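Right, one structure below, let's go through it.
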Amino acid sequence: MKHLKIKASFVLMIAMILFSSSSVFAQDMTTDAAEAAKSTASNINWLIAGIAILLVFIIGMIFDILSKVGDVQKKQVINWGKINAYLALVFLIVGMSAFAWEMTVHGKLTLFTLPSASAHSEEYDNMFMITLWLTGIVFVITHILLFWYTYKYKEDKKRKALFYPDNHKLELLWTIVPAFVLTILVVRGLIVWSDMTTSKDKDAMNIEVFGYQFAWNARYSGADNKLGKYDFRQMGIVNALGVDSTKEFAGDDVITTELHIPVNKAIYLHFRAKDVIHSAYLPHFRAQMNVVPGLPTKFDFTPTLTTNEMRVKLENPNFDYILLCNKICGSAHYRMKMKVIVDTQADFDKWLKEQPALTAKGTETNSLHSFLSKENPIASN
Amino acid sequence: MSAAAIHSDDQHHGDHGHHKETFISKYIFSMDHKMISKQFLITGIIMGTIGMLMSLIFRLQLAYPETSFPIFETILGEWGKGGKIDPNFYLALITIHGTIMVFFVLTAGLSGTFSNLLIPLQVGARDMASPFLNMLSYWFFFTSSVLMLSSLFVQGGPASAGWTIYPPLSALPKAIPGSGTGMTLWLVSMIVFIVSSLLGSINYVATVINMRTKGMKMTRMPLTIWAFLFTAILGILSFPVLFGGSLLLVFDRSFGTSFYLNEIPADLAGGIERVGGSPILFQHLFWFLGHPEVYIILLPALGLTSEVIATNARKPIFGYRAMIGSIMAIALLSFIVWGHHMFITGMNPFLGSVFMLGTLIIAVPSAVKTFNYLGTLWKGNLRLNPQMMFAIGLVSFFISGGLTGIFLGNAALDINLHDTYFVVAHFHLVMGSAAIFGMICGIYHWFPKMFGRMMNESLGQIHFWLTIVSAYCVFFPMHFMGLAGVPRRYYAFTAYDQFNVFVDMNKFITYAAFVGGIAQFIFLFNFFYSMFKGKKAVQNPWESNTMEWTTPVEHLHGNWPGEIPHVYRWPYDYSVPGHDKDFIPQITPDYGQTDPLTEAKVVPAEDRKKIPTLEKEEAVLFSLAKRWLGFA
């Protein structure tokens, strides 16, 4: 009776596999050539899923049968202790190879393979690499020990475990060594952190980045390098940023939807949000800061490679720097981005001159300023 | 039944059979800690299944952002129009997935289940200090689960501001549909949940401190109890802060206050201009719970695995005192590091460096715990049953996820990693997978105690291998997405050319997630099948030392039929030299033994001379390495 049940379910399984695969072919025949490839692809995924479920089911049944055989014969047919020990070894080897593969293949896709685009990114990348090496070594050693022990000390009825409850010296050792390593990381990390968060250049160019659902604006401070005051009560359709153009410093401010920045010049970004928290993330420059309504935040950095230079270096004519929103902010959060273009100083001045300022008079001042700066580069640097 | 009758140790009542136990008092409004733990477990498993299915839905979206799945329209209706998930509903899914997993599965489901089951049984008490509060704790939890799930069915959908519900997004219904009724229900549910958690925690602490049986000194408690004790203390000290924080958010949302809002124009905020508050204040309040919460989740899992590893390695846990010390250190430090979630909120960089220092210090006790686990496995006699495999899996995830924490805890590195997939990978490994593995390990180990039956071993092993492989396949590649700057909580990556390289990886992750999901159904089948049809359990199936295995297989109210046994030794007397059996239960008398811990300096049994002492010359690195790899 039992055998019958098992046989019956096997037959059922084979029937199901045949049915599902035949339905794939049937689909192939009926749909037209253009759609054939697509529909087969999605059907095969379901087929694979189905087969996977069935495989698990079959394996489970095989083990069930074996253990029942074992019960009848009064001895252990499947020794999970042994199987697991060997599987642990396999897992260790395959896992470590996968780890190495990931590091080399997927590691190439990370930002760290790109040329550094801002002044502090080299320091940042060094910190990252040091941490990566230290943690990587610990990762490999501890995992080798963990799974090797699992294999090595599998149960043996003839052996007794070693009664070894304590060894203060050993424990002291593995408290002090991690503490020492972490001290290195902390000290170095604090240095990098303070380098990245203190602004060194007092003459940095002030730009405001304004985030709202679901786009960004940039506001340039114009010739006076001072951002005009804003009032959140004035934010509306006409005056999205709520800047009062009649106030001091505001007249020459320039509002744009793209962020152009000059290369090799300190940029001081001031962040402001209209509605909810956003986060301005500039991955290529190793820069990020939350953009909080009613709480001014800032970040400063110096870009070192223009967009064009980067395109040449990467041999990718479509490359662009981006500023993307990295704090959940609503339905179109995933599309909230702004193009960032790093220009040479000359190109930047030219571009800024073409943008209208808040007032006509402001535009005039800006043009005059950029005209002057072209004559006399010291004025702008 | 009166609580006094249950608690009296000196004179036992043989009248347990005489209690009038109706179906309602036995299975529903039960005050028996064993039944309450089962209630917690099964509610937790149901919530966990829901949370997991949600993750599969949004994984499909991430792998096939352009494809339409007609099935979504069938099951999600309005939210899956045309077979595509609505972006708002995607955010709702990730929010509720996170909330369910963090609070309902890994806080209540894990700590609620095993604290309830094991605290009275392992310290030798007839029940919790207050069975009534214990019952209330479960029913508050149940209510909050129902409230949370009901938010799936309200206008505008459930809360969708991420499980961290940062205002103003969560405070302004205009900002996202989920911040309407759904968010109100989320907050109410969370407030009820906190009440449940506090009732439970107070009970756990009171029971551990006051109700240990004779001879059960604090230093003779199993590490599970130590972990539960500190978990409960963490909960008592940190959950009220979230309670307050949520209440203020309720005020902001419903009564027009501005605790968390500043410079919000009137048209966005329900006609009232909001000035003067700070959105960052909420983050401080949230993470003051949120970070200890990570350890509220992790410590019980570590406690359970300590017990399981020692039992199945047939070896005392290595460095019992160091383990307790590291639990204490982690618990203490967890209160002063919450700011590492907020490095880039514009906080004062000096404050950031303080938080960074504290955060990285936590790695030291964590490293001690890891090495102590390895020390326990070394020269053990490992019974590689499912619970042991899951315990080993936990150690593996704890290492992998813990190490990536060193990147994120570093304020400087966090600037570019914050809120990317690197973070997703990190916490799913260290807090998600590790804690789930601890929980499953506990279920396999204590299933015979809970239900009097054994789970099927082969299914358990298949479950383990599928789960660990799929979990690594899901979460490991995510690190690289994070390092390439891919932000989390994105509905699709189609708007960014540079993220196209991850299309295949996203598909691969989704396949792996589905394999993992199927594996969990194997577990569910095994669990519910074994509950009714499993092999009958014997009293002490794992040959364990702790006290819960001295109670009869059939549950009775009051746990022990006679007097509560006394405890004479610590719980880790495995493979003691000079004994026939390789375990000596805690209740085995040994009047000569004063305090095993002060005496148990290294007395290796068979090969006393072989143990390296660091002063000796032969203990050079090579020979040490040989020993630690087991060749000597």
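Protein sequences, first through last, are from chains A and B. Going by my numbering, the residue at position 107 of the first sequence is 107; the numbering climbs one at a time, nothing skipped. Offset between the second sequence (1-based) and my numbering: plus 1000. Glycine included, each C-beta is placed from N, C-alpha and C at the ideal position. It should be emphasised that the depicted structure is a prediction, and the values quoted were computed from it without experimental measurement.
- One alpha carbon belongs to Leu1117(B), the other to Met1547(B), and they sit about 12 Å apart.
- Contact annotation: His1418(B) and Ile1344(B) have beta-carbon atoms nearer than 8 Å.
- With a threshold of 8 Å between beta carbons, Leu1169(B) makes contact with chain A.
- Taking a C-beta cut-off of 8 Å against chain B, the contacting residues of the region 110-122 of chain A are Thr110, Leu111 and Phe112, listed in chain order.
- Glu1554(B) is outside the set of residues whose beta carbon lies under 8 Å from a beta carbon in chain A.
- In this chain, Val1395(B) is not harboured by any beta strand (DSSP E); it is covered by the alpha helix (DSSP H) spanning Pro1386 to Leu1408.
- The continuous alpha helix (DSSP H) containing Ile93(A) extends over residues Trp80 to Val105.
- Between Ala204(A) and Ile267(A), the C-beta gap is smaller than 8 Å, which places the two residues in contact.
- Residues of chain B with a Cβ closer than 8 Å to the Cβ of Tyr153(A) are, in chain order, Ala1313, Leu1377, Trp1378, Lys1379, Gly1380, Asn1381, Leu1382 and Gly1630.
- With a beta-carbon spacing of about 19 Å, Phe1514(B) and Ile1440(B) fall beyond the 8 Å limit used to define contacts.
- Against chain B, a Cβ distance below 9 Å from Phe63(A) picks out Asn1456, Glu1457, Ser1458, Leu1459, Gln1461 and Ile1462.
- DSSP places Trp1186(B) inside the alpha helix (DSSP H), whose first and last residues are Thr1181 to Asn1210.
- Take Trp1560(B), set aside five residues on each side of it, and the residues of its chain with a beta-carbon closer than 7 Å to its own are Thr1551, in chain order.
- At a cut-off of 8 Å, the C-beta of Lys313(A) has no neighbouring C-beta in chain B.
- Beta-bridge analysis with DSSP links Ile1264(B) to Arg1274(B).
- Listed along chain B, no residue sits closer than 8 Å to Asn239(A) by beta-carbon distance, the nearest being about 12 Å off.
- Straight through space, the alpha carbons of His120(A) and Tyr321(A) are spaced by roughly 16 Å.
- If you draw a 10 Å sphere on the C-beta of Trp46(A), you find fewer than 16 other C-beta atoms in it, and that means exposed.
- Residues of chain B with a Cβ closer than 7 Å to the Cβ of Ala49(A) are, in chain order, Phe1514.
- Listed along the chain, the chain A residues whose CB falls inside 8 Å of the CB of Tyr1529(B) amount to none; the nearest CB is some 11 Å away.
- Taking every protein chain shown into account, the CB of Trp1549(B) has 16 or more other CB atoms within 10 angstroms, so this residue is buried.
- Following the DSSP letters along the chain, one finds Gln288(A) inside the beta strand (DSSP E) bounded by residues Ala287 to Val291.
- The Cβ atoms of Leu358(A) and Gly1346(B) lie no closer than 8 Å to each other.
- Here Ile1036(B) carries a helix assignment [DSSP, helix/strand/coil].
- The shortest C-alpha to C-alpha distance from Val1188(B) to any of Met1148(B), Ile1202(B), Val1205(B) and Met1216(B) is the one to Met1148(B).
- Interface flag for Pro1577(B) against chain A is set, since a Cβ pair is found closer than 8 Å.
- Nearest CB-CB separation between Gln345(A) and chain B: not below the 8 Å threshold.
- Annotation: the continuous beta strand (DSSP E) that includes Asp343(A) extends over Lys337 to Asp343.
- Assigned with DSSP and collapsed to three states, Ser116(A) falls in coil, not helix or strand.
- Residue contact with chain B for Ser199(A): absent (no Cβ-Cβ distance below 8 Å to any residue of chain B).
- In the three-state reduction of the DSSP assignment, Phe1583(B) falls in the strand class.
- For Thr1113(B), the closest alpha carbon among the candidates Leu1459(B), Val1395(B), Ile1042(B) and Ile1518(B) is that of Ile1042(B).
- Residue burial is scored here from C-beta neighbours: Trp216(A) has at least 16 other C-beta atoms within 10 angstroms and is therefore classed as buried.
- A residue is called buried when at least 16 other Cβ atoms come within 10 angstroms of its Cβ; Glu1554(B) does not meet this threshold and is exposed.
- Interface annotation, Ala287(A): in contact with chain B, CB-CB separation under 8 Å.
- Going by beta carbons, Phe1390(B) and Phe1437(B) fall inside the 8 Å limit.
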